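A.B. asks:
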Amino acid sequence: EAGVTQFPSHSVIEKGQTVTLRCDPISGHDNLYWYRRVMGKEIKFLLHFVKESKQDESGMPNNRFLAERTGGTYSTLKVQPAELEDSGVYFCASSPPGQLSSSGANVLTFGAGSRLTVL
Amino acid sequence: AQSVAQPEDQVNVAEGNPLTVKCTYSVSGNPYLFWYVQYPNRGLQFLLKYITGDNLVKGSYGFEAEFNKSQTSFHLKKPSALVSDSALYFCAVRRLSGGYNKLIFGAGTRLAVHP
Numbered sequence: 070e071a072g073v074t075q076f077p078s079h080s081v082i083e084k085g086q087t088v089t090l091r092c093d094p095i096s097g098h099d100n101l102y103w104y105r106r107v108m109g110k111e112i113k114f115l116l117h118f119v120k121e122s123k124q125d126e127s128g129m130p131n132n133r134f135l136a137e138r139t140g141g142t143y144s145t146l147k148v149q150p151a152e153l154e155d156s157g158v159y160f161c162a163s164s165p166p167g168q169l170s171s172s173g174a175n176v177l178t179f180g181a182g183s184r185l186t187v188l
Numbered sequence: 194a195q196s197v198a199q200p201e202d203q204v205n206v207a208e209g210n211p212l213t214v215k216c217t218y219s220v221s222g223n224p225y226l227f228w229y230v231q232y233p234n235r236g237l238q239f240l241l242k243y244i245t246g247d248n249l250v251k252g253s254y255g256f257e258a259e260f261n262k263s264q265t266s267f268h269l270k271k272p273s274a275l276v277s278d279s280a281l282y283f284c285a286v287r288r289l290s291g292g293y294n295k296l297i298f299g300a301g302t303r304l305a306v307h308p
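Line order of the protein sequences matches chains A and B. If you read the first sequence in this note's numbering, its first letter stands for residue 70, the second for the next number, and so on. If you read the second sequence in this note's numbering, its first letter stands for residue 194, the second for the next number, and so on.
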């Protein structure tokens with residue numbers, strides 16, 4: 070089975086520009102998550118989709134970030150306009166449908182991440 | 194609020210020696226704990242999880258972790274380190290949000306295994 074794929078792997082942009090990151094989850098995974106790791110810090114939750122609906126977007130930093138998941142398949146995360154502090158690695162993860170699994174905790178499968186550098 | 198602490202930025206180990214990567218947690222209720230690893234230019238890979246039961250959990254690549262409720266710790270261990278184990282390791286705790294899982298991660302610990 071194909072894993073979670075993310076594009077681009079690395080993006081370098083100037084402050085004020087726009088970047089769009091894409092995530093293709095594992096086929097059939099209704100749950101899609103975005104996380105971010107700023108250099109040396111913890112991996113922070115950004116938001117969670119269940120199919121095309123935003124179940125939890127409490128981690129989105131501000132309104133310069135817009136996430137979409139039209140049709141409940143792939144997702145995009147747009148940063149507009151980008152600021153220096155947006156630099157980091159953006160991870161996408163997916164997990165099977167439903168809430169808690171019988172084991173009490175679905176394992177999230179992560180992509181390789183998209184490294185964003187804002188100059 | 195749930196949180197995870199990884200007190201060491203980096204751990205250096207000689208190949209063949211045992212390794213420990215430390216993790217402590219703070220949760221309300223029963224903890225669901227995870228370890229993930231990130232190899233260079235790769236995504237986060239699931240290593241193991243603790244849900245309930247035996248305090249010693251075995252995972253991928255020969256790793257294991259010991260859940261210690263009294264010390265609120267979930268240290269990752271391996272009896273004999275390999276150079277190929279060099280990577281970034283993240284501890285995580287589950288937080289329930291509207292009935293769905295959400296992972297809260299630590300800052301990560303870089304493991305360097307020297308020949």
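We put the CB at the ideal spot given by N, CA and C, even for glycine. The structure displayed is predicted, hence computed values, not measured ones.
DSSP three-state label for S171 of chain A, please.
C.D. replies: A caution first: S171 of chain A carries a pLDDT of 43, below 50, which makes its placement in the model unreliable, though a value can still be read off. Correct three-state label for S171 of chain A: coil.
A.B. asks: Helix, strand or coil for E126 of chain A? Go by DSSP, reduced to three states.
C.D. replies: Coil.
A.B. asks: Quick one: using the 10 Å Cβ neighbour count with 16 as the cut-off for buried, is P166 of chain A buried or exposed?
C.D. replies: Exposed.
A.B. asks: Per DSSP, which residues does L116 of chain A bridge with? Please list them.
C.D. replies: Looking at the DSSP assignment, L116 of chain A forms a beta bridge with A:W103.
A.B. asks: So that I know if they touch, is there some Cβ in chain B lying closer than 9 Å to that of S122 of chain A?
C.D. replies: Closer than 9 Å: no.
A.B. asks: Excluding five sequence neighbours on each side, which residues of the same chain lie with their C-beta closer than 7 Å to the C-beta of G182 of chain A?
C.D. replies: Hits under 7 Å: Q75, V158, Y159 and F160.
A.B. asks: What does K147 of chain A reach in chain B if we use C-beta pairs closer than 7 Å?
C.D. replies: Ordered by position in chain B, no residue passes the 7 Å Cβ test against K147 of chain A, which lies about 21 Å from the chain.
A.B. asks: When the Cα of G246 of chain B is compared with those of B:L240, B:F260 and B:G236, which residue comes out closest?
C.D. replies: The residue with the shortest Cα to Cα distance from G246 of chain B is B:F260.
A.B. asks: The beta strand (DSSP E) with E79 of chain A in it runs from where to where?
C.D. replies: What sits at residue 79 of chain A in the sequence shown is His, not Glu. H79 to I82 is the span of the beta strand (DSSP E), which, as asked, contains H79 of chain A.
A.B. asks: For a cutoff of 9 Å on Cβ pairs, would you count F134 of chain A as touching chain B?
C.D. replies: With 9 Å as the cut-off, F134 of chain A does not count as an interface residue toward chain B.
A.B. asks: Under the rule that 16 or more other beta-carbon atoms within 10 Å means buried, what is K242 of chain B, buried or exposed?
C.D. replies: Counting Cβ neighbours within 10 Å, K242 of chain B comes out buried, since at least 16 surround it.
A.B. asks: Compute the Euclidean distance between the alpha carbons of Y225 of chain B and V286 of chain B, then round it to the nearest angstrom.
C.D. replies: Y225 of chain B and V286 of chain B: Cα-Cα distance of roughly 6 Å.
A.B. asks: Please state whether DSSP places V158 of chain A in a helix, a strand or coil.
C.D. replies: Correct three-state label for V158 of chain A: strand.
A.B. asks: Under 9 Å between beta-carbons, which chain C residues line up against N248 of chain B? List them in chain order, please.
C.D. replies: Of the protein chains in this structure, namely A and B, none is chain C.
A.B. asks: State the CB to CB distance for the pair I112 of chain A and Y104 of chain A, rounded to an integer number of angstroms; the pair is presumed to be in contact (CB under 8 Å).
C.D. replies: The pair is a contact, with the Cβ atoms about 5 Å apart (cut-off 8 Å).
A.B. asks: Given this structure, state the Cα-to-Cα distance separating Q231 of chain B from Y282 of chain B, to the nearest angstrom.
C.D. replies: For Q231 of chain B and Y282 of chain B, the distance between alpha carbons rounds to 6 Å.
A.B. asks: Which runs of the beta strand (DSSP E) at least 3 residues long sit entirely within the segment 216–287 of chain B? Give them in chain order.
C.D. replies: The segment 216–287 of chain B contains these whole beta strand (DSSP E) runs: 217–219, 226–231, 237–243, 249–251, 257–261 and 266–271.
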